[in-house]
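Below is one structure, written out as structure tokens; the observations come after it.
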Amino acid sequence: RLKITLEDDGHRLNENLKTADVLFGWNFDRRNLAARAPNLRWIHAPGAGINHFLPFDWLPKNVVFTNNRGIHGSRAHEYAIMAILMLNNRVPEMVTHQRAGRWQQCFNSGIEGKTLLVVGLGGIGTEVARGVLKGHQLENVQVIFRMAPKLRTGYHFGSRMVFDRDGYLFITLGDRGEMERAQNPGDHNGSVIRLHDDGRVPKDNPFVGKPGWLPEKYTLGNRNMQGAALHPQSGLVWTHEHGPQGGDEIN
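Position one of the sequence shown corresponds to residue 50 (our numbering), numbered consecutively onward.
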């Protein structure tokens with residue numbers, strides 16, 4: 050079980066630090082922290098900028114300090130709760146980029162007797178992982194897709210997932226702001242990926258066996274697909290292409 054203590058004035062800080070493993074906080078008394086918090090292993094500051102924490106001579110040697118960029122004060126508590134839940138579910142990845150600071154869970158109902166959770170890990174390159182959800186824990190987590198190449202740009206991630214009625218997994222990937230990549234058949238950027246739920250490439254994908262083409266690609270030439278859903282009547286996958294100045298389109 051995960052025990053969480055929330056407070057906004059710091060009056061009970063010393064008492065709770067005695068047994069704390071993780072501390073989420075923006076401003077707190079950092080004096081003699083090693084002695085006051087012997088079990089502490091992780092401090093996370095849920096806000097943009099860490100200048101007020103400098104210098105780090107107060108940080109105990111066995112404690113990791115992390116900070117997420119671009120989170121505004123009014124939303125900091127939401128990020129902290131999300132991070133606590135992810136930590137409790139043994140998902141170690143914490144997305145820090147403001148434009149792609151999201152994760153998507155996608156349940157596949159096609160596996161009888163099991164609950165399969167597919168998690169999109171959005172970062173500098175989109176990755177998709179699957180695992181078995183037992184109670185409140187993720188077990189047997191496996192990465193089934195890694196976008197390549199991964200880039201330094203921080204926008205046009207896409208990163209939507211949807212299962213169709215035949216159980217195929219569709220993953221949308223943006224062009225990452227480099228439009229020419231979306232036309233490259235050997236590049237994941239700017240495309241829709243189609244896979245089995247275990248990461249295998251379907252044999253009937255349109256580019257299977259075509260020299261120079263990635264077989265997992267299902268489309269190419271896309272900009273930034275920020276929406277994906279099944280049509281309620283036809284069951285076809287529809288995607289929403291985000292465009293500038295009113296240039297959105299549905300595919």
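Heads up, the beta-carbon is just placed ideally off N, CA and C, and yes, glycines get one too.
Asked: Of the residues HIS101, PRO104, LEU72, SER240, which one's Cα is nearest the Cα of ARG90?; Found: LEU72
Asked: Do you know whose CA, among ASP246, ALA178, LEU222, ARG214, lies nearest GLN282's CA?; Found: ARG214
Asked: Whose C-beta lies closer than 6 Å to the C-beta of ARG266 among residues of the same chain, with five residues either side of it excluded?; Found: The residue you asked about is not Arg; residue 266 is Lys in the sequence shown. Counting only Cβ-Cβ distances below 6 Å, and skipping sequence neighbours, we find SER240, PHE256.
Asked: THR221 to GLY207, Cα distance in whole Å?; Found: 5 Å
Asked: For PHE49, is the classification buried or exposed, using 16 other Cβ atoms within 10 angstroms of its Cβ as the cut-off for buried?; Found: Nothing can be reported for residue 49, as the shown portion of the chain is limited to 50 through 300.
Asked: For PRO301, which residues in the same chain have their Cβ closer than 8 Å to its Cβ, ignoring the five residues on either side in sequence?; Found: It is not possible to answer for residue 301, since the shown part of the chain is limited to 50 through 300.
Asked: Let's test the definition: count the other Cβ atoms within 10 Å of the Cβ of VAL192 and tell me whether it reaches 16, buried, or not, exposed.; Found: exposed
Asked: LEU269: buried (16+ other C-beta within 10 angstroms of its C-beta) or exposed?; Found: buried
Asked: Kindly indicate which three-state DSSP category ARG85 falls into: helix, strand or coil?; Found: helix
Asked: Compute the Euclidean distance between the alpha carbons of PRO109 and ASN88, then round it to the nearest angstrom.; Found: 11 Å
Asked: Can you tell me which of GLY284, PHE219, GLU290, ASN233 puts its alpha carbon nearest to the alpha carbon of GLN248?; Found: According to the sequence as given, residue 248 is Gly; it is not Gln. That would be PHE219, whose Cα lies nearest to the Cα of GLY248.
Asked: Suppose the cutoff is 7 Å on Cβ atoms and the five residues either side in sequence are ignored; what does the same chain contact list for ASN63 look like?; Found: ARG85
Asked: Let me check understanding here. Comparing Cα to Cα, which of GLY180, THR68, GLU227 lies closest to PRO198?; Found: GLU227
Asked: Using CA coordinates, which residue listed in ALA69, ARG195, GLY180 is at the minimum distance from GLU188?; Found: GLY180
Asked: Pick out the complete beta strand (DSSP E) segments inside the stretch 174-215, 3 residues or longer, and give them in chain order.; Found: 176-183, 186-195, 207-212
Asked: Roughly how many angstroms separate the alpha carbons of THR115 and ALA277, rounded to a whole number?; Found: 32 Å
Asked: Helix, strand or coil for GLN282 per DSSP?; Found: coil
Asked: Excluding the five sequence neighbours on either side, which residues of its own chain have a C-beta within less than 8 Å of the C-beta of TRP107, listed in chain order?; Found: ARG79, ARG80, LEU82
Asked: For LEU66, which residues from the same chain have a beta carbon less than 6 Å from its beta carbon, with the 5 sequence-adjacent residues on both sides left out?; Found: ARG85, ALA86
Asked: Output the distance between the C-alpha atoms of GLN294 and ASP224, rounded to the nearest integer angstrom.; Found: 18 Å
Asked: According to the neighbour-count rule (16 or more other Cβ atoms, all chains shown, within 10 Å of its Cβ), is THR288 buried or exposed?; Found: buried
Asked: Going by DSSP, name the residue or residues bridged to ILE220.; Found: MET210, ILE242
Asked: Return the first residue and the last residue of the beta strand (DSSP E) that LEU72 is part of.; Found: 71-73
Asked: With ASN116 as the anchor, note down where its beta strand (DSSP E) starts and where it stops.; Found: 113-116
Asked: Looking at the structure shown, is GLU298 part of a helix, part of a strand, or coil, going by DSSP?; Found: strand
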